[in-house]
Every structure is written in structure tokens, then in C-alpha cells.
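Structure first, commentary second.
In the working numbering, the protein residues as written are 575 to 875.
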């Protein structure tokens with residue numbers, strides 16, 4: 575079982591969304607990590623045959639996925655960022671409708687739908703109309719439809735958007751179970767979604783895969799050190815503006831900063847063990863903090 579991308583490129587007029595990506599995916603969970611606009615969704619849409627590449631090749635066990643056509647799509651389960659549904663369908667009716675599209679026999683579809691409603695925690699909501707569901711419940715229904723046909727390839731684009739912490743844990747446990755005999759590609763900009771379940775992480779920036787490996791391999795190759803330093807509030811503001819700061823904590827007498835730097839940032843700084851969140855900030859820098867902004871940094875201290 576091998577999904578292979580070779581020099582994969584996608585251009586939209588003057589913009590290159592995916593730029594010469596080459597990698598090979600097999601069984602297990604892969605986390606595609608990057609900020610919004612990195613090219614993750616475009617890459618996934620090509621893997622689902624929804625977009626044709628401008629250049630390069632995607633193969634499944636050696637065969638071009640676009641030439642395979644329906645044969646390939648039968649192997650595929652996909653959850654886009656925004657999935658469509660008929661608002662007046664109940665959750666159960668929605669799953670049965672998707673099952674009919676995927677060609678499941680009615681008896682098998684009913685059994686599978688009930689199993690999935692239990693797995694994603696929607697059994698009590700099975701007769702609710704889709705338009706009445708909360709954002710998190712709709713997302714769970716979307717996850718259920720993606721795995722309805724028991725796919726060998728499962729592609730999930732920002733699957734935990736709108737889920738609360740308990741739902742996130744349920745989702746991670748479900749994906750870990752599903753991945754034993756499948757290829758799962760999960761895209762996100764939320765580090766905790768993949769830190770504990772992804773066997774391999776792909777860091778994507780500006781349309782390219784910048785690094786890949788296990789969490790341990792990526793952290794071992796991290797070029798900069800992580801430091802913890804306590805500073806007076808006034809001094810902390812200056813450090814926040816000039817350093818990569820991954821965490822801010824108020825302590826007695828000042829502020830404790832977690833700083834990513836090749837050199838010791840202050841005399842009283844002590845080294846800390848790096849985390850995947852530190853690595854994310856190190857790779858994506860200011861982009862990772864765009865949503866946070868100067869006002870957020872100032873408010874934190």
C-alpha cells in the first residue's frame with residue numbers, strides 16, 4: 575500500500591500553491607502541519623482527484639490515480655474543511671444517503687451507520703436535523719461519513735475544527751484505531767491534534783514539504799535551543815518583540831518566557847526540552863503568530 579507524490583505542483587495563475595512536493599505514504603497516520611495558506615488543502619484536494627496537478631504525478635501502488643478514476647475513489651474517504659449536506663436530513667438520513675452514493679447495500683449501510691454514530695458520539699442525536707446540530711456535532715457527522723465506506727485511504731482536512739477538548743480526545747483515539755490497516759493523512763495547524771497519534775509529521779511551508787520525520791527525529795534536528803527565562807515585565811516586552819517566544823507565563827515578580835534561540839538569550843536563561851509546538855514556531859516564525867499579533871503579545875504580559 576503506497577501513495578506516492580513525485581514533483582507534484584499546482585499553480586493558480588501567478589501563484590504556486592504546491593511547489594514540487596515529493597513524498598511516499600504507506601500505512602499509518604501522517605500529520606500535515608503548517609499555517610493557513612501553506613498549501614495543505616490544495617495538496618489534499620489533488621490527492622482526492624478534486625484538482626488536477628499542473629505538473630508531477632500521484633500514484634497508488636504504481637498506478638496514476640487519475641487514470642484509476644473510480645477504482646481509486648472507492649479506496650478513499652475524505653473530510654474537507656467545509657463539507658456539504660442537506661440541512662433537512664437527520665444525521666441518520668445523511669449517513670444513509672452517503673452510504674447509497676458509496677454503493678453500500680442497505681442492510682450493511684444501516685449496520686455501519688449505527689456503529690459510526692456510536693463511535694463519534696452521535697447516537698442520541700441520530701434523529702436531529704443536520705441544520706440543528708452544533709458546529710462540533712456537524713464535524714463529527716463529517717468524520718462519520720468519511721469512514722463510512724471503510725476506506726483504505728483516509729484524508730482529513732482540519733478535522734477537529736469546532737471540537738471541544740473531550741471531542742478532540744475521542745477523535746484522536748478513533749483515528750489511532752482506524753490507522754492500523756489504513757493510510758491516514760491529517761492536515762492541521764493545531765499541534766496537539768497530531769503530536770500523539772502521527773507516526774510521521776510533514777512540515778509544509780509556502781507549498782513545499784520543508785521537513786518530515788517522527789516527532790523525536792524532527793526535534794533532534796531542530797537547529798535552535800529552547801530556553802526558559804524570568805524577567806521583569808518591562809524587559810519582557812522587549813524580548814517579546816525581538817525573540818521567538820512560544821509561551822508566556824506570569825510569575826511572582828515578573829514574567830516567565832519560553833524563548834527559541836540559537837544563543838542564550840539572557841544571563842539567567844536555562845535550557846528546556848523542546849516540544850513540537852516549539853518546533854512549529856521555529857519553522858513558521860512570524861506566520862505562526864500572525865493571528866496572535868502585537869496586541870495579543872502585549873495583553874499576555
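Quick reminder that beta carbons are idealized off the backbone N, C-alpha and C, glycines included.
### Query
Are residue 620 and residue 578 close, meaning C-beta to C-beta below 8 Å?
no
### CA nearest to the CA of residue 582, picked from 588, 594, 575
594
### Message
Which residue wins for smallest C-alpha separation from residue 766, given the options 631, 612, 734, 748?
### Response
734
#### Entry: In DSSP terms, what residue 607 is bridged to
762, 777
### Message
Pull the bridge partners of residue 734 from the DSSP assignment, please.
### Response
Beta-bridge pairing links residue 734 to no other residue.
### Query
Measuring CB to CB, does residue 606 end up less than 8 Å from residue 760?
yes
### Query
Which stretch, first to last residue, makes up the alpha helix (DSSP H) that contains residue 674?
665-675
### Task
Over the uninterrupted alpha helix (DSSP H) stretch that includes residue 904, give me the two end residues.
Examination of residue 904 is not possible in this model, given that the chain is present from 575 through 875 alone.
### Task
Would you kindly report the start and end of the unbroken beta strand (DSSP E) that includes residue 585?
577-586
### Query
Among 703, 702, 730, 709, which one has its Cα closest to the Cα of residue 618?
730
### Message
Which residues does DSSP list as the beta-bridge partners of residue 811?
### Response
Per DSSP, none; premise fails for residue 811.
### Query
Quick one: what's residue 704 bridged to in DSSP?
The partner list for residue 704 (beta bridge, DSSP) is empty, contrary to what the question assumes.
### C-alpha distance - residue 799 paired with residue 668, whole-angstrom precision
50 Å
### Query
Can you list, in chain order, the residues of its chain whose CB lies under 8 Å from that of residue 626, leaving out five sequence neighbours each side?
620, 640
### Task
On the DSSP bridge assignment, give the partners of residue 789 in chain order.
For residue 789, which the question treats as bridged, DSSP gives no partner whatsoever.
### Message
Using a Cβ-Cβ cutoff of less than 8 Å, which residues in the same chain neighbour residue 666 once the five nearest sequence positions on both sides are dropped?
### Response
687, 691, 700, 701
### Task
Using beta-carbon positions only, say whether residue 717 and residue 603 come within less than 8 Å of one another.
no
### Query
Cα separation between residue 867 and residue 600?
Note that residue 867 scores a pLDDT of 41, beneath 50, so its modelled location is shaky; the value from the coordinates is reported in the next line. Whole-angstrom Cα-Cα distance: 38 Å.
### Task
Give the secondary structure of residue 685 by DSSP, where H, G and I count as helix, E and B as strand, and everything else as coil.
helix
### Query
According to the Cβ coordinates, are residue 801 and residue 739 closer than 8 Å?
no
### Query
If you check the beta carbons only, do residue 787 and residue 771 fall under 8 Å apart?
no
### Message
Under DSSP, the beta strand (DSSP E) around residue 821 begins and ends at which residues?
### Response
818-825
### Query
Quick one, which of 855, 751, 684 has its alpha-carbon nearest residue 817's?
855
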